[in-house]
Structure formats: structure tokens, C-alpha cells
Amino acid sequence: MLFFSFASSAGDVAKFHKKINPSLTLWYDKPADDWNEALPVGNGRLGAMLYGGIVNETIQFNEETLWTGQPHDYAHKGAYHYLDSIRELLWAGKQKEAHTLGNTYFMSQPFGQQAYQPFGNILLNFPDHANATHYERVL
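Read left to right, the sequence shown gives residues 19 to 157 (this note's numbering).
If you want it as C-alpha cells, here you go:
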């Protein structure tokens, strides 16, 4: 869950600025124009990109289990039968042969994993904020 706090008065903004360590803070004077300028927040399981819009805010969010395709069992059946052979090839300095054997009989099926996907966008509209001044975006 994402929590947002907004300063309600100039005094609150001043108190907020006193608590910030400038050497650990990123400051911006305008909203993000695109995803590359948005600010990332998250905890490793849930994440979001905050654009910092005043009248229109976009929050792109994500969750760790959203991938393309379907769930797979990536275990390669019988792979353990080849482990000793792969080790012997490596100890003998035959990396290319070990690599080929490992890719053929040891690596996951299907090889690799599916693509991570964005979950969605939250679009917020604050029409009464069109005349905001002294904009700051802080992370």
C-alpha cells in the first residue's frame, strides 16, 4: 500500500525541509515528463513510479508476481544425472563442452524466464490545483 502525505500549511513545509538531509535527497522543480524521470518507490514486492504531477498525477505500479505467460516448473527432469559429467569437464578445463552439456541437459525448461510486466497506472486528477506555485518533488 502506498501512503502519501501532503503539507497543509507553509509551517508544515518549513518543518519538512528541516528534517531532510540534503546529501541524501533528490530535488526536482517540475513533474516528470516520462518514465525515465519518474521517481521509484517500493519495498521489493510492490513498486511504483511517481511522476509528481500537480493537476494530473500518474502512478505506474507493479507487483512482483505479474509476469507474461503462465506458471512453469523450471526444473529440468533428470538434470542431476549430468551434474557429475559437467563437473568433470570443468575440472578438465573443457568449459565449452561443459557449457554445451549444461545448456542441453541441465538448464531450465523453458530456458530463461518470462518477461516482468507493469501492473497498471493510477491516474489522479486535481483540477483545483492548477495554480500551484513553488513546486518541489523530493525523494
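Idealized CB from N, CA, C, for every residue including glycine.
Short Cβ contact (7 Å threshold) for T76 with Q135: Taking C-beta atoms as the reference points, T76 and Q135 fail to come closer than 7 Å.
Assigned exposure category for M67 - 16 Cβ within 10 Å defines buried: Around the beta-carbon of M67, 16 or more other beta-carbon atoms lie within 10 Å, marking it buried.
Residue environment, G62, which counts as buried when at least 16 other CB atoms sit within 10 Å: Exposed, because fewer than 16 other Cβ atoms sit within 10 Å of the Cβ of G62.
Straight-line Cα distance separating F129 from G71: Spanning the two alpha carbons is a distance of roughly 41 Å.
Run of the alpha helix (DSSP H) containing G10, from where it starts to where it stops: Nothing about residue 10 can be read from this structure; the chain reaches only from 19 to 157.
Contact belief for V59 with H147 at Cβ below 8 Å, rounded distance in angstroms: Actually they do not touch by this definition, with Cβ atoms about 21 Å apart.
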